[in-house]
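Residues -24 to -1, 1 to 359, numbered by mature numbering (1 follows the signal peptide of the UniProt record, and there is no 0), are exactly what the sequence shown covers, in order. Yeah, the Cβ is synthetic: ideal placement off N, Cα and C, and Gly gets one too. Accompanying notes for the structure given below.
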Amino acid sequence: MARAALLLPVALLLCLALAGSAGAERKMVGVYELKNKKGDFSIKVTNWGATLMSVIVPDSEGNLADVVLGYDTIAEYVNGSSYFGALVGRVANRVAKGRFVLDGKAYHLYSNDGKNALHGRLSFSGSSPSRMDHDVIASLMISPSGFSKVIWTVKEYVPDCDSPYITFYYHSFDGEQGFPGDLDVYVTYRLSSPYELSLHMNATALDKATPVNLVNHAYWNLAGHGSGDVLGHLIQVFASEYTPVDSSMIPTGQIAGVAGTPYDLRRLTPLGSRINLVSGGGAAGYDVNYAVHGEGFTQVAFLRDTASGRAMELWANQPGVQLYTSNWLKDEKGKDGKVYQKHAALCLETQAFPDAVNHPNFPSEIVRPGGVYSHDMLLKFSS
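See the structure below:
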(Lines of atoms letter the chains of each structure in order from A and count residues from 1; the text may use other names and numbers.)
(Lines give C-alpha, C1' and ligand atoms only; values in the text may rest on other atoms or scores of the structure.)
Protein backbone atom coordinates (compact mmCIF):
# COMPACT_ATOMS: atom_id res chain seq x y z
CA MET A 1 0.00 0.00 0.00
CA ALA A 2 1.39 3.41 -0.95
CA ARG A 3 1.59 6.15 1.61
CA ALA A 4 -0.80 9.11 1.52
CA ALA A 5 0.22 11.73 -1.00
CA LEU A 6 -1.18 14.44 1.26
CA LEU A 7 -1.05 14.42 5.06
CA LEU A 8 -2.76 16.83 7.38
CA PRO A 9 -0.72 19.31 9.43
CA VAL A 10 0.55 17.79 12.64
CA ALA A 11 -1.98 19.72 14.72
CA LEU A 12 -4.81 18.03 12.83
CA LEU A 13 -3.53 14.48 12.71
CA LEU A 14 -6.18 12.57 14.60
CA CYS A 15 -5.03 9.31 16.14
CA LEU A 16 -8.31 7.75 17.12
CA ALA A 17 -9.59 4.49 18.53
CA LEU A 18 -11.81 2.40 16.29
CA ALA A 19 -15.32 2.33 17.71
CA GLY A 20 -16.08 -0.98 19.36
CA SER A 21 -12.64 -2.54 19.03
CA ALA A 22 -11.33 -4.03 22.26
CA GLY A 23 -7.75 -3.71 21.11
CA ALA A 24 -8.15 0.04 20.59
CA GLU A 25 -6.21 -0.02 17.32
CA ARG A 26 -4.96 3.50 16.67
CA LYS A 27 -5.12 5.08 13.28
CA MET A 28 -4.12 8.25 11.54
CA VAL A 29 -6.58 10.27 9.50
CA GLY A 30 -5.15 11.28 6.14
CA VAL A 31 -6.14 13.02 2.92
CA TYR A 32 -5.50 11.13 -0.33
CA GLU A 33 -5.48 12.38 -3.90
CA LEU A 34 -6.27 10.60 -7.16
CA LYS A 35 -5.42 12.37 -10.42
CA ASN A 36 -5.53 11.49 -14.12
CA LYS A 37 -2.37 11.53 -16.23
CA LYS A 38 -3.33 14.78 -17.94
CA GLY A 39 -3.68 16.48 -14.56
CA ASP A 40 -7.03 18.14 -15.26
CA PHE A 41 -9.23 15.67 -13.35
CA SER A 42 -8.68 14.82 -9.71
CA ILE A 43 -10.38 14.01 -6.43
CA LYS A 44 -9.39 14.14 -2.77
CA VAL A 45 -10.78 11.74 -0.19
CA THR A 46 -10.21 11.07 3.48
CA ASN A 47 -10.57 7.94 5.59
CA TRP A 48 -12.60 10.00 8.06
CA GLY A 49 -16.05 8.80 7.02
CA ALA A 50 -14.65 7.54 3.67
CA THR A 51 -15.47 11.08 2.58
CA LEU A 52 -15.22 12.62 -0.90
CA MET A 53 -13.66 16.05 -0.24
CA SER A 54 -13.19 17.47 -3.73
CA VAL A 55 -13.79 16.73 -7.41
CA ILE A 56 -11.91 18.97 -9.86
CA VAL A 57 -12.98 18.90 -13.51
CA PRO A 58 -12.58 21.27 -16.50
CA ASP A 59 -15.31 23.36 -18.11
CA SER A 60 -15.81 23.89 -21.83
CA GLU A 61 -12.88 26.37 -21.88
CA GLY A 62 -10.57 24.09 -19.91
CA ASN A 63 -10.94 26.05 -16.68
CA LEU A 64 -10.77 23.86 -13.59
CA ALA A 65 -13.18 24.03 -10.66
CA ASP A 66 -14.02 21.97 -7.61
CA VAL A 67 -17.65 20.90 -8.06
CA VAL A 68 -18.48 19.47 -4.62
CA LEU A 69 -19.17 21.31 -1.39
CA GLY A 70 -16.95 20.60 1.59
CA TYR A 71 -14.60 21.90 4.25
CA ASP A 72 -10.93 22.85 4.43
CA THR A 73 -10.01 20.72 7.45
CA ILE A 74 -10.76 17.30 8.88
CA ALA A 75 -11.77 18.93 12.16
CA GLU A 76 -14.61 20.65 10.31
CA TYR A 77 -15.74 17.32 8.85
CA VAL A 78 -15.68 15.83 12.35
CA ASN A 79 -17.96 18.59 13.67
CA GLY A 80 -20.03 19.05 10.50
CA SER A 81 -23.66 17.97 10.35
CA SER A 82 -24.38 18.26 6.61
CA TYR A 83 -22.72 14.96 5.54
CA PHE A 84 -20.65 16.72 2.86
CA GLY A 85 -19.27 13.92 0.66
CA ALA A 86 -19.65 11.29 3.38
CA LEU A 87 -20.22 7.55 3.07
CA VAL A 88 -23.46 7.13 5.01
CA GLY A 89 -24.63 3.89 6.66
CA ARG A 90 -25.37 1.28 7.96
CA VAL A 91 -28.77 2.40 6.67
CA ALA A 92 -28.92 5.80 5.00
CA ASN A 93 -32.04 7.95 4.91
CA ARG A 94 -34.90 7.58 7.38
CA VAL A 95 -36.23 4.68 9.43
CA ALA A 96 -39.66 5.41 10.91
CA LYS A 97 -39.64 5.82 14.70
CA GLY A 98 -36.15 4.32 14.76
CA ARG A 99 -37.64 0.84 14.79
CA PHE A 100 -38.05 -2.21 12.59
CA VAL A 101 -38.85 -5.90 12.94
CA LEU A 102 -36.66 -8.50 11.25
CA ASP A 103 -37.31 -12.23 11.46
CA GLY A 104 -39.73 -11.65 14.32
CA LYS A 105 -37.37 -9.57 16.45
CA ALA A 106 -37.77 -5.83 17.06
CA TYR A 107 -34.72 -3.58 16.76
CA HIS A 108 -34.50 -0.05 18.11
CA LEU A 109 -32.20 2.56 16.57
CA TYR A 110 -31.04 5.95 17.79
CA SER A 111 -33.64 8.56 16.81
CA ASN A 112 -31.94 11.76 15.63
CA ASP A 113 -34.60 13.28 13.36
CA GLY A 114 -37.57 13.86 15.60
CA LYS A 115 -38.85 10.37 16.40
CA ASN A 116 -37.11 8.91 13.35
CA ALA A 117 -33.59 7.63 12.67
CA LEU A 118 -31.70 9.43 9.89
CA HIS A 119 -28.48 8.29 8.21
CA GLY A 120 -27.63 5.92 11.07
CA ARG A 121 -26.01 8.32 13.52
CA LEU A 122 -26.61 10.58 16.47
CA SER A 123 -26.65 14.30 16.00
CA PHE A 124 -23.49 15.81 17.54
CA SER A 125 -22.82 19.29 18.75
CA GLY A 126 -19.26 19.46 20.03
CA SER A 127 -16.44 21.93 20.32
CA SER A 128 -15.62 24.31 17.54
CA PRO A 129 -12.84 23.09 15.17
CA SER A 130 -10.34 25.43 16.79
CA ARG A 131 -10.96 23.76 20.18
CA MET A 132 -11.06 20.15 18.96
CA ASP A 133 -9.25 17.83 21.39
CA HIS A 134 -8.84 14.12 22.01
CA ASP A 135 -11.61 14.05 24.63
CA VAL A 136 -14.08 15.36 22.07
CA ILE A 137 -12.87 12.85 19.49
CA ALA A 138 -13.07 10.01 22.01
CA SER A 139 -16.64 10.91 22.91
CA LEU A 140 -17.54 10.72 19.22
CA MET A 141 -15.87 7.38 18.72
CA ILE A 142 -17.68 5.60 21.56
CA SER A 143 -21.08 6.95 20.50
CA PRO A 144 -23.21 5.30 17.79
CA SER A 145 -21.85 7.71 15.25
CA GLY A 146 -22.63 6.09 11.91
CA PHE A 147 -20.24 5.29 9.08
CA SER A 148 -19.74 8.98 8.26
CA LYS A 149 -18.23 9.67 11.70
CA VAL A 150 -15.67 6.87 12.08
CA ILE A 151 -12.18 6.19 10.79
CA TRP A 152 -11.93 3.74 7.91
CA THR A 153 -8.86 1.60 7.20
CA VAL A 154 -7.01 2.32 3.97
CA LYS A 155 -6.73 -1.14 2.38
CA GLU A 156 -5.25 -0.11 -0.97
CA TYR A 157 -4.02 3.19 -2.37
CA VAL A 158 -2.75 3.11 -5.96
CA PRO A 159 -2.37 6.69 -7.24
CA ASP A 160 0.19 6.10 -9.99
CA CYS A 161 -1.55 4.18 -12.77
CA ASP A 162 -3.92 4.75 -15.68
CA SER A 163 -6.91 4.13 -13.43
CA PRO A 164 -5.90 5.31 -9.93
CA TYR A 165 -7.98 4.11 -7.00
CA ILE A 166 -8.28 3.86 -3.24
CA THR A 167 -10.17 1.32 -1.13
CA PHE A 168 -11.40 1.94 2.41
CA TYR A 169 -12.58 -0.72 4.88
CA TYR A 170 -14.72 -0.57 8.02
CA HIS A 171 -15.92 -3.31 10.35
CA SER A 172 -19.32 -2.52 11.81
CA PHE A 173 -19.94 -4.50 14.98
CA ASP A 174 -23.11 -6.28 16.11
CA GLY A 175 -25.37 -3.72 17.77
CA GLU A 176 -23.66 -0.66 16.35
CA GLN A 177 -26.30 2.07 15.92
CA GLY A 178 -28.78 -0.62 17.05
CA PHE A 179 -28.41 -2.78 13.93
CA PRO A 180 -27.96 -6.55 14.17
CA GLY A 181 -24.87 -8.50 13.16
CA ASP A 182 -21.25 -7.89 12.24
CA LEU A 183 -20.70 -6.33 8.84
CA ASP A 184 -17.54 -5.93 6.74
CA VAL A 185 -17.80 -2.85 4.53
CA TYR A 186 -15.60 -1.68 1.63
CA VAL A 187 -15.76 1.35 -0.65
CA THR A 188 -13.49 1.99 -3.64
CA TYR A 189 -13.09 5.35 -5.39
CA ARG A 190 -11.58 5.06 -8.88
CA LEU A 191 -10.78 7.46 -11.72
CA SER A 192 -11.00 6.33 -15.34
CA SER A 193 -10.51 8.12 -18.62
CA PRO A 194 -11.53 10.47 -19.86
CA TYR A 195 -13.42 11.98 -16.90
CA GLU A 196 -15.12 9.18 -15.00
CA LEU A 197 -15.37 8.64 -11.25
CA SER A 198 -16.70 5.31 -10.02
CA LEU A 199 -17.66 4.20 -6.54
CA HIS A 200 -18.04 0.56 -5.60
CA MET A 201 -19.56 -0.16 -2.20
CA ASN A 202 -19.98 -3.67 -0.86
CA ALA A 203 -20.82 -5.13 2.52
CA THR A 204 -20.84 -8.73 3.75
CA ALA A 205 -23.16 -9.79 6.57
CA LEU A 206 -21.10 -12.13 8.73
CA ASP A 207 -23.49 -13.67 11.23
CA LYS A 208 -26.98 -12.12 11.27
CA ALA A 209 -29.48 -10.78 8.78
CA THR A 210 -29.34 -6.99 8.66
CA PRO A 211 -30.59 -4.08 6.56
CA VAL A 212 -27.90 -2.30 4.53
CA ASN A 213 -28.25 0.88 2.51
CA LEU A 214 -25.01 2.74 1.80
CA VAL A 215 -25.05 6.22 0.25
CA ASN A 216 -22.46 8.70 -0.94
CA HIS A 217 -23.71 12.10 0.18
CA ALA A 218 -21.84 14.45 -2.18
CA TYR A 219 -23.28 17.92 -2.80
CA TRP A 220 -22.86 18.90 -6.47
CA ASN A 221 -22.57 22.35 -8.01
CA LEU A 222 -21.16 22.05 -11.54
CA ALA A 223 -20.39 25.77 -11.69
CA GLY A 224 -18.01 25.23 -8.79
CA HIS A 225 -18.55 25.08 -5.05
CA GLY A 226 -19.35 28.47 -3.56
CA SER A 227 -20.42 29.90 -6.93
CA GLY A 228 -24.00 30.55 -5.84
CA ASP A 229 -27.13 28.44 -6.17
CA VAL A 230 -27.87 25.63 -8.61
CA LEU A 231 -31.26 26.93 -9.74
CA GLY A 232 -29.88 27.46 -13.25
CA HIS A 233 -28.77 23.83 -13.59
CA LEU A 234 -30.68 21.61 -15.98
CA ILE A 235 -31.68 18.25 -14.51
CA GLN A 236 -33.16 15.01 -15.80
CA VAL A 237 -34.12 12.07 -13.57
CA PHE A 238 -34.88 8.79 -15.31
CA ALA A 239 -37.82 7.81 -13.16
CA SER A 240 -41.57 7.75 -13.75
CA GLU A 241 -42.45 7.07 -10.10
CA TYR A 242 -41.54 8.38 -6.66
CA THR A 243 -42.31 7.54 -3.03
CA PRO A 244 -44.51 10.21 -1.39
CA VAL A 245 -43.82 11.02 2.26
CA ASP A 246 -45.79 12.22 5.26
CA SER A 247 -45.13 15.38 7.29
CA SER A 248 -42.16 13.74 9.05
CA MET A 249 -40.56 12.72 5.73
CA ILE A 250 -41.43 9.03 6.13
CA PRO A 251 -42.72 7.23 3.01
CA THR A 252 -46.42 6.49 3.09
CA GLY A 253 -45.81 3.16 1.34
CA GLN A 254 -47.30 4.42 -1.91
CA ILE A 255 -45.28 4.36 -5.14
CA ALA A 256 -46.86 7.13 -7.20
CA GLY A 257 -46.49 8.34 -10.76
CA VAL A 258 -44.69 11.62 -11.38
CA ALA A 259 -46.81 12.52 -14.42
CA GLY A 260 -48.65 15.78 -13.91
CA THR A 261 -46.67 16.70 -10.76
CA PRO A 262 -43.69 19.00 -10.12
CA TYR A 263 -41.69 15.81 -9.46
CA ASP A 264 -41.75 14.94 -13.17
CA LEU A 265 -38.14 15.48 -14.29
CA ARG A 266 -38.12 12.92 -17.09
CA ARG A 267 -37.24 15.67 -19.55
CA LEU A 268 -34.34 18.08 -19.11
CA THR A 269 -35.75 20.75 -16.79
CA PRO A 270 -34.35 23.97 -15.27
CA LEU A 271 -34.21 23.25 -11.56
CA GLY A 272 -35.34 26.75 -10.65
CA SER A 273 -38.57 26.38 -12.60
CA ARG A 274 -39.90 23.79 -10.13
CA ILE A 275 -38.05 24.50 -6.88
CA ASN A 276 -40.86 26.49 -5.25
CA LEU A 277 -43.53 23.98 -6.25
CA VAL A 278 -42.19 21.23 -3.98
CA SER A 279 -41.10 20.98 -0.36
CA GLY A 280 -39.30 18.58 1.92
CA GLY A 281 -40.04 18.72 5.62
CA GLY A 282 -41.47 22.22 5.27
CA ALA A 283 -38.60 23.76 3.30
CA ALA A 284 -38.98 24.71 -0.36
CA GLY A 285 -37.06 22.37 -2.62
CA TYR A 286 -36.67 18.71 -3.49
CA ASP A 287 -36.06 16.04 -0.88
CA VAL A 288 -37.61 12.97 -2.43
CA ASN A 289 -36.82 9.41 -3.47
CA TYR A 290 -37.39 8.41 -7.09
CA ALA A 291 -37.97 4.84 -8.26
CA VAL A 292 -35.35 4.41 -10.97
CA HIS A 293 -36.30 3.10 -14.42
CA GLY A 294 -35.16 -0.41 -15.29
CA GLU A 295 -33.08 -2.95 -13.40
CA GLY A 296 -29.37 -3.54 -12.98
CA PHE A 297 -26.80 -0.91 -13.91
CA THR A 298 -28.66 1.95 -15.60
CA GLN A 299 -28.59 5.69 -16.10
CA VAL A 300 -30.21 7.46 -13.18
CA ALA A 301 -29.84 11.18 -13.83
CA PHE A 302 -28.24 13.88 -15.96
CA LEU A 303 -27.12 17.32 -14.78
CA ARG A 304 -25.79 20.31 -16.73
CA ASP A 305 -24.61 23.79 -15.80
CA THR A 306 -25.28 25.92 -18.87
CA ALA A 307 -22.86 28.70 -17.88
CA SER A 308 -19.74 26.54 -17.58
CA GLY A 309 -20.86 23.79 -19.94
CA ARG A 310 -20.03 21.11 -17.36
CA ALA A 311 -22.31 18.09 -17.40
CA MET A 312 -22.58 14.95 -15.28
CA GLU A 313 -24.23 11.61 -16.01
CA LEU A 314 -25.07 9.39 -13.04
CA TRP A 315 -25.31 5.61 -13.46
CA ALA A 316 -26.01 3.09 -10.71
CA ASN A 317 -27.50 -0.28 -9.84
CA GLN A 318 -29.84 0.77 -7.02
CA PRO A 319 -33.66 0.93 -7.13
CA GLY A 320 -33.90 4.52 -5.91
CA VAL A 321 -32.23 7.92 -5.95
CA GLN A 322 -32.79 10.75 -3.47
CA LEU A 323 -32.81 14.22 -5.00
CA TYR A 324 -32.04 16.78 -2.28
CA THR A 325 -31.53 20.44 -3.14
CA SER A 326 -29.74 21.51 0.07
CA ASN A 327 -32.92 23.09 1.39
CA TRP A 328 -31.56 23.46 4.92
CA LEU A 329 -28.11 24.90 4.23
CA LYS A 330 -27.65 28.33 5.79
CA ASP A 331 -24.48 30.30 6.48
CA GLU A 332 -22.38 27.13 6.29
CA LYS A 333 -18.68 28.04 6.08
CA GLY A 334 -17.05 25.83 3.48
CA LYS A 335 -13.84 25.53 1.52
CA ASP A 336 -11.74 28.51 0.52
CA GLY A 337 -13.71 30.86 2.75
CA LYS A 338 -16.92 30.32 0.80
CA VAL A 339 -20.22 30.42 2.68
CA TYR A 340 -22.90 28.04 1.47
CA GLN A 341 -26.56 29.01 1.50
CA LYS A 342 -29.86 27.35 0.63
CA HIS A 343 -29.86 25.62 -2.77
CA ALA A 344 -26.07 25.98 -3.07
CA ALA A 345 -25.87 22.42 -4.43
CA LEU A 346 -27.87 19.28 -4.98
CA CYS A 347 -27.42 15.67 -3.91
CA LEU A 348 -28.22 12.65 -6.07
CA GLU A 349 -28.02 9.75 -3.62
CA THR A 350 -28.51 6.35 -5.26
CA GLN A 351 -30.03 4.08 -2.65
CA ALA A 352 -32.61 1.61 -1.44
CA PHE A 353 -36.02 3.16 -0.83
CA PRO A 354 -36.20 5.11 2.47
CA ASP A 355 -37.71 3.11 5.35
CA ALA A 356 -37.70 0.02 3.12
CA VAL A 357 -37.26 -2.17 6.17
CA ASN A 358 -40.80 -1.18 7.27
CA HIS A 359 -42.49 -1.49 3.85
CA PRO A 360 -42.74 -5.04 2.47
CA ASN A 361 -43.84 -3.67 -0.93
CA PHE A 362 -40.53 -1.81 -1.34
CA PRO A 363 -37.43 -3.54 -2.76
CA SER A 364 -35.74 -5.39 0.11
CA GLU A 365 -32.57 -4.03 1.70
CA ILE A 366 -31.98 -7.11 3.88
CA VAL A 367 -28.65 -8.93 3.58
CA ARG A 368 -28.59 -12.48 4.96
CA PRO A 369 -25.55 -14.06 6.67
CA GLY A 370 -22.87 -14.70 4.05
CA GLY A 371 -24.71 -12.46 1.60
CA VAL A 372 -23.11 -9.46 -0.06
CA TYR A 373 -24.60 -6.03 -0.62
CA SER A 374 -23.22 -4.41 -3.79
CA HIS A 375 -23.72 -0.79 -4.81
CA ASP A 376 -22.06 0.62 -7.94
CA MET A 377 -22.08 4.24 -9.02
CA LEU A 378 -20.51 5.85 -12.09
CA LEU A 379 -20.21 9.62 -12.62
CA LYS A 380 -19.35 10.67 -16.17
CA PHE A 381 -18.26 14.29 -16.50
CA SER A 382 -18.13 16.23 -19.76
CA SER A 383 -18.14 19.80 -21.01
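Beta-carbon to beta-carbon, residue 95 and residue 64 are separated by about 5 Å, close enough to satisfy the 8 Å threshold. In the same chain as residue 338, and ignoring 5 residues on each side of it, the C-beta atoms closer than 6 Å to its own belong to 329 and 332, in chain order. Apart from the 5 residues on each side of it in sequence, residue 230 sits with its Cβ closer than 6 Å to the Cβ of 220 in its chain, given in chain order.
Under the rule that a run must span 3 or more residues, the beta strand (DSSP E) segments found entirely inside the segment 186 to 226 read 191 to 193 and 210 to 213.
Exposure of residue 224 is indicated by the presence of fewer than 16 other C-beta atoms within 10 angstroms of its C-beta. Take residue 184, set aside five residues on each side of it, and the residues of its chain with a beta-carbon closer than 8 Å to its own are 150, 156, 157, 158 and 345, in chain order. Residue range 50 to 55 is occupied by the alpha helix (DSSP H) that includes residue 54.
Unbroken beta strand (DSSP E) stretches of 3 residues or longer found wholly inside the segment 248 to 326: 263 to 267, 274 to 280, 287 to 292 and 296 to 300, given in chain order. By the beta-carbon neighbour count (other beta carbons within 10 angstroms, threshold 16), residue 243 is exposed.
According to DSSP, residue pairing for residue 349 in a beta bridge involves 179.
By the C-beta density criterion, residue 84 is exposed, having fewer than 16 other C-beta atoms within 10 angstroms.
Residue nearest to residue 348 within the set 40, 211, 12 and 179 is 179 (criterion: CA-CA distance). Beta-bridge partners assigned by DSSP to residue 9: 20. For residue 285, the closest alpha carbon among the candidates 34, 177 and 67 is that of 34. By the criterion of at least three beta-carbon pairs nearer than 8 Å, the segment 14 to 31 is not in contact with the segment 271 to 287. Taking C-beta separations shorter than 8 Å and ignoring five residues to either side along the sequence, the partners of residue 200 in its chain run 41, 42, 43 and 284, following chain order. With contacts defined as CB atoms closer than 9 Å, residue 190 and residue 215 fail to qualify as a contacting pair.
Sixteen is the threshold: when 16 or more other Cβ atoms of the shown chains lie within 10 Å of the Cβ of residue 311, as they do, the residue is buried. Assigned with DSSP and collapsed to three states, residue 334 falls in helix. Per DSSP, the continuous beta strand (DSSP E) segment holding residue 131 begins and ends at 129 to 134.
Between residue 134 and residue 141 a beta carbon distance of about 6 Å is seen, short of the 8 Å cut, so the two are scored as contacting. Note: residue 78 is bridge-paired with 81 in the DSSP secondary-structure output. In the DSSP annotation of this structure, the continuous segment of the beta strand (DSSP E) that includes residue 64 starts and ends at 62 to 64.
The C-alpha of residue 265 is placed about 9 Å away from the C-alpha of residue 327.
With fewer than 16 other Cβ atoms from the protein chains shown falling within 10 Å of its own Cβ, residue 307 counts as exposed. DSSP links residue 233 through a beta bridge to 217. Counting along the chain, residue 166 sits inside the beta strand (DSSP E) bounded by residues 159 to 168. With respect to the C-alpha of residue 160, the residue from 147, 237 and 194 having the closest C-alpha is 147.
With contacts defined as CB atoms closer than 9 Å, residue 93 and residue 67 qualify as a contacting pair. Note that the segment 171 to 178 does not touch the segment 48 to 59; fewer than 3 beta-carbon pairs, one per stretch, sit closer than 8 Å. Restricting attention to 152, 70 and 206, the CA atom closest to the CA of residue 246 is found in 206. By the neighbour-count definition (other C-beta atoms within 10 Å, threshold 16), residue 61 is a buried residue.
Looking at the backbone, the Cα of residue 204 and that of residue 87 are separated by about 33 Å. Residue 172 carries a strand assignment under DSSP once its states are collapsed to helix, strand and coil. For residue 89, no beta strand (DSSP E) run applies, since DSSP gives it neither H nor E.
For residue 147, the uninterrupted beta strand (DSSP E) run begins and ends at 141 to 148, by DSSP.
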